[in-house]
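Comments concern the structure below.
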Amino acid sequence: MPAFSRLVRFLAKDGITYYGDAILPAGVKDISKAKQARVVTGDIFGQHIVTDKVADIRLLLAPLTPEHVRTVRCLGLNYANHAKESNMAIPTYPILFYKPATALTGPSDPITIPPIAQTGSTLDYECELVVVIGKQATDVSEEDALDYVLGYAVGNDVSHRDWQIKRGGGQWSLGKGYDGWAPWGPGIVTGAAIGDAQRLRISTKVNGQTVQNQTTADMIFGIRKTISLLSQGTTLVPGDIIFTGTPEGVGMGRKPQVWLKDGDVVEVGLENGRFRWTQSFGKSHLRTISMSVTMTLLEMEEDFTDLTIPADYIKFYGDPLSLVAGLDSAPTQWKGKGKAVGPSVDDEQPPVTAVEEVDWTKYNPPAALHTTPNFHDDVLVHIIKTSIDRIQARNAAEHRKREEEEEQRKKSSEPTTPDSEEDAAAKEPYLPIIIPSDDPQPVSISEVQAHLDEAEKEDLENLFSHVTHVSRTPFDFDTKPKKSRKFKLARLLKRLADRDSDVPPVGDSSKNEEPSSSSEITIKHEEPPLPPTPPEEVECVSCLDDFPQSALVKIACHSYCTPCFHRLITTACQNEQQWPPKCCLNTIPEETTLAHIPADLQKTFRRRAEEWAQPAPDRIYCSRPTCSRFIPTRRVDHATRTARCSHRSHPPTCTLCRGPAHPTAEACPSDRDAALTEALAADAGWMHCGACHALVEHREACQHMTCRCGHEFCYVCALPWQTCGCTMGSLAEKLAAAAARVEARLLREAEEEEAVRMVEEFEREERLKQELLRAEAESAEAEQRAEREAIRQSEVKDRFEKLRRQMGDLRELQDVLVGWQHDREVEVLKGDGAAEEEALRERQLRERQEYDQTARDKIQAREMSFKRDYASRVAEERDVEAKYMLELQAFYEGRVKGAKMAGDAMTLFRRQMDKGWRAWSQWRDGEMAAYQARVDEERTIQEEGLCSVKARLEDRLAEQAREATRRTAAEMKWAEEVWREREAMMVELEREELDDGETGSWYSFRDAEEELPEEAEASGSGSESASAAIPA
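Counting from 89, one number per residue, gives the positions in the sequence shown under the numbering used here.
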């Protein structure tokens, strides 16, 4: 059975990767929120212990190392509702498929989408309960299945539905087994910690919205049955992982379907009320490339042969061109303000001018800065990821700070004027409403003025400057507007009322003065009677009922009604644990208590106060079992060591043994001092007085002794004097025996003192030896520690120097990738620009040809129109001439010279016709010229439009080139800032490693751990290797 409850694998702040038992802060159930863990040492699948060493968690990793994971099995359609939403039949036997171990990743590791999975948009989520096998299992029964489980975790079976269903050939692994497509964690919780694993709440959230929410009780094949079936004829080994299927709510089964896209935040979790497992990945982790960019990259592959990548880069890092397809190409809103920050992308591009300084914080970092090919060092990978996040967080904080400062500046520059007339009216001073009596006595302002000082005059003038309904004459006050003040009138009237008695009161009817010519106001002090104020009620803190204040007992913090207060004091008097009476941990004063309780309770309270004021060992109770009443101090006789109960018939009580008092001649058995005195008296031969029982010592003379109480007795036998036959010889023998006993006792004491002295001397010598040995050991240990520390620091510096070289190589690679990406972007930009210009040139050439042809057709059509008009006119004139000639011949027929006169008239008619022809020809030429001008004007306008389109295209291409330059400059600045941040993080981490002292470098520690198995195998003992912390 595992010794841990919540196993996590984490990178600690000391740079070492540990297995540990997560420590959850108070009130926290989510394992992913753990900040510390107790280090687990040994084999987690075998002998291991949870140590007392507590390590701070810097980063949670996958719960098991790749070396510990053997096989990843997955169940499909293991929830009935999920099978229904997928339009598939409920399986009779488990649908089993496998994922490679490379698909496993931790809760905070990035999930990259490979180019093969970027076709289509069917990326889906599946939250699943993950079972971890802890012991080898073959042909196990359902009853014993859970005995082979190490613990449980939560996982996300990331799936590409097209590759899973349509292109997988019936096998699901192709659409589910890409690298990093099985994130799981954040820890492994044992069955003892969670109870019944078939009653866990399993859920998924996408962008904060719950999309899956079921319980593991809905499984078709439960955990016991699944393990039993999978172990039939197949051996399950420690470290095997089983994804047990997902409930309903996947994106494929929703209407409309919901697919994951770049920037979505997905959180999967398990919860049983006591613990919660959650893991999330979002924009910085789930990275997809849009279809348009992907197709562009695929189409440009034929041009990649022209790009030369150094052979040593390809050998160590892999081909960078194959990595470009997986880089993040999220769209960016480009902005710029300034001068050029980086080199120009192309010589033909216009440079960024000094007016257009680039604000690089508005741009996203280059995608190549996320690339870490062939680098698996946890610290290096963590630095690469964290550096960009830290810079983005810092930029966001600075941006918010600038926005707040700008907002404050705008607020401070705004005029403080009222928003409306109502707001302005609200700022006016309050004036009381004065209702004059039937016979008011006018009081002039000049009369009031006579009794005011200068400050009061100014206040009164400021006050009445706001009263518009009272006619007034100017005072000799300063007429400069003053700031309005509230309640000035009330204060002024109060001042006047407090004046000496020789000052006439305002409105006094005894003064029969004529009203002055100054402005007058009428003031009458008549206030309506106030309604009776109802008694204020306060809530009792105990019964929560409301009572008048006078009926409550007010304590420092709360108030109690009388019955509740009596009940509080009675309870305190019945239980010493609740003594003294308190409210909110505040002791209720004794005088307050006695003032609000009845007499019988007062007597009990005083008795308990006297009793419980003494420490429990010092209290004396009546020795009679039927009484056992507390005996107060005033009834204790310290001389006789007795205490008497208030019942006089009860016997006194011994203050030492708490039993009945002993007879006068007997000492209390619990009186240790009396017992020692009796022992000394027996050795010295002292005798007790038969009357008062006092000890009497013989010093001289005979055996006849007289006690201070007057009793006479024999010192030899203690009988009354003259009642025995003892002689002086008997006394001498008694005294000799006593002297011998005293001498023997003194000898024993001397021997004991000598033995004690010798023991103390030996112990002192031993302490000196131990101190010398300890000092020598500390000195040797300090030397060894200093030597180890020097070696450790040397190893740390060497390791970090190696890490810096790796980071330098990575920087060169990322610089190559960033530069290559910029070059490709410029090439694409130039190619697109040239294609657009060529297309525009061809289109405009066609448009010019079409318009020229249209213009020629228009001119030709107009000329044909004029020609038809000319032919019509010629035919008409010929008909007119013929008709006119016939009329002339008929008119001049038979006259002398009629033919000549007809010919002259015809000639005159033709001249008139010629004049009209010339006028028409002139009009035709003018119309033709005007039409030609209009056609030419339209041609010019068309040409200007074509030139304008071309100019706009050139401006747009130029702006795209400038934007590319600004983006390039911003990304170069990003790269510079990121690498500066990474170097700073490296220095900070190295400083922490060097300052850690005996905690050791995580590098040297891992090297030592790698040597442990060899040493254990050579020595034949596995216990030593199990005592060290397991680096994951």
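Ideal Cβ placement from N, Cα and C applies to all residues, glycine included.
Where does residue i sit, in a helix, a strand or coil, going by DSSP?
{"i": "ASP634", "result": "strand"}
{"i": "LYS642", "result": "strand"}
{"i": "ILE947", "result": "helix"}
{"i": "PRO651", "result": "helix"}
{"i": "MET793", "result": "strand"}
{"i": "TRP269", "result": "coil"}
{"i": "VAL277", "result": "strand"}
{"i": "HIS726", "result": "coil"}
{"i": "PRO808", "result": "strand"}
{"i": "LEU898", "result": "helix"}
{"i": "MET775", "result": "strand"}
{"i": "PRO705", "result": "helix"}
What does the alpha-carbon distance come out to for the pair residue i and residue j?
{"i": "PRO60", "j": "ALA305", "result": "Because the chain here runs from 89 to 1120, residue 60 falls outside it and cannot be looked at."}
{"i": "ALA481", "j": "THR474", "result": "10 Å"}
{"i": "GLU444", "j": "ARG876", "result": "Because GLU444 carries a pLDDT of 47, less than 50, the predicted location of this residue cannot be relied on, and the following value inherits that uncertainty. Each residue's alpha carbon lies about 57 Å from the other."}
{"i": "ILE676", "j": "ASP706", "result": "25 Å"}
{"i": "GLY283", "j": "GLU624", "result": "55 Å"}
{"i": "THR680", "j": "THR692", "result": "15 Å"}
{"i": "ALA779", "j": "ALA789", "result": "22 Å"}
{"i": "HIS786", "j": "ALA826", "result": "11 Å"}
{"i": "GLN345", "j": "GLY296", "result": "18 Å"}
{"i": "PHE185", "j": "VAL127", "result": "35 Å"}
{"i": "LYS254", "j": "GLU1042", "result": "46 Å"}
{"i": "GLU1065", "j": "HIS170", "result": "48 Å"}
{"i": "THR815", "j": "CYS797", "result": "24 Å"}
{"i": "GLU841", "j": "ARG695", "result": "51 Å"}
If you compare alpha carbons, which of the options is closest to residue i?
{"i": "ARG1055", "options": "VAL446, GLU854, CYS797, CYS631", "result": "VAL446"}
{"i": "LEU148", "options": "THR730, ASP140, ILE104", "result": "ILE104"}
{"i": "PHE718", "options": "ALA704, THR815, GLU930", "result": "ALA704"}
{"i": "LEU324", "options": "LEU234, GLN286, LEU898, ALA993", "result": "LEU234"}
{"i": "HIS464", "options": "SER319, ALA769, LEU891, PRO751", "result": "LEU891"}
{"i": "VAL237", "options": "TYR213, VAL220, ARG249", "result": "VAL220"}
{"i": "GLU926", "options": "GLY268, THR942, LYS1038, VAL884", "result": "LYS1038"}
{"i": "GLY222", "options": "ARG158, SER737, GLY256, PRO203", "result": "ARG158"}
{"i": "MET1121", "options": "LEU632, TYR451, ASP232", "result": "Examination of residue 1121 is not possible in this model, given that the chain is present from 89 through 1120 alone."}
{"i": "SER316", "options": "PRO713, GLU851, SER229", "result": "SER229"}
{"i": "SER734", "options": "GLY1014, ASP761, ARG723, ARG1044", "result": "ARG723"}
{"i": "VAL804", "options": "LEU457, GLY194, ILE947, ALA772", "result": "ALA772"}
{"i": "ASP245", "options": "THR298, ALA191, GLU1065, ILE145", "result": "ALA191"}
{"i": "ASN360", "options": "GLY341, ALA280, ARG312", "result": "ALA280"}
{"i": "GLN124", "options": "ASP911, ILE145, MET1073", "result": "ILE145"}
{"i": "LYS172", "options": "GLY258, PRO720, ALA91, GLY341", "result": "GLY341"}
{"i": "MET952", "options": "MET1016, GLN932, GLU889", "result": "MET1016"}
Check whether the Cβ of residue i lies closer than 7 Å to any heavy atom of the ligand FAD, and answer yes or no.
{"i": "MET340", "result": "The ligand content of the structure shown is nil, which means the ligand FAD is not present either."}
DSSP beta-bridge partners for residue i?
{"i": "ARG289", "result": "THR303, GLU359"}
{"i": "ASN674", "result": "CYS671"}
{"i": "ILE137", "result": "THR129"}
{"i": "ARG998", "result": "Answer is none; ARG998 lacks a bridge partner."}
{"i": "SER247", "result": "ASP212"}
{"i": "ALA1121", "result": "Nothing can be reported for residue 1121, as the shown portion of the chain is limited to 89 through 1120."}
Which same chain residues, not among the five before or five after residue i, have their C-beta less than 8 Å away from its C-beta?
{"i": "GLU766", "result": "ALA755"}
{"i": "TYR972", "result": "MET994, PHE997"}
{"i": "VAL218", "result": "TYR240, ALA241, VAL242, GLY243, TRP272, ILE329, ILE330, PHE331, THR332"}
{"i": "CYS628", "result": "ASP634, PHE635, LEU640, SER647, TYR648, CYS649, CYS652"}
Enumerate in chain order the residues of its own chain whose CB-to-CB distance from residue i is below 6 Å, with the five nearest sequence positions on each side excluded.
{"i": "TRP251", "result": "LEU262, GLY263"}
{"i": "LYS293", "result": "GLU355"}
Got a sec? Which residues, its chain only, sit under 7 Å from residue i by beta carbon, not counting five neighbours each side?
{"i": "TYR1019", "result": "ARG950"}
{"i": "LEU917", "result": "GLN1048, ALA1049, ALA1052"}
{"i": "CYS671", "result": "ILE643, CYS645, HIS646"}
{"i": "ILE657", "result": "PRO669, THR681, ILE685, LEU689, PHE693"}
{"i": "LYS189", "result": "The identity of residue 189 in the sequence shown is Ala, whereas the question assumes Lys. So the qualifying residues of the chain are PRO154, VAL157, VAL160."}
{"i": "TRP700", "result": "GLU664, TRP667"}
{"i": "ILE479", "result": "GLU1065, VAL1066, GLU1069"}
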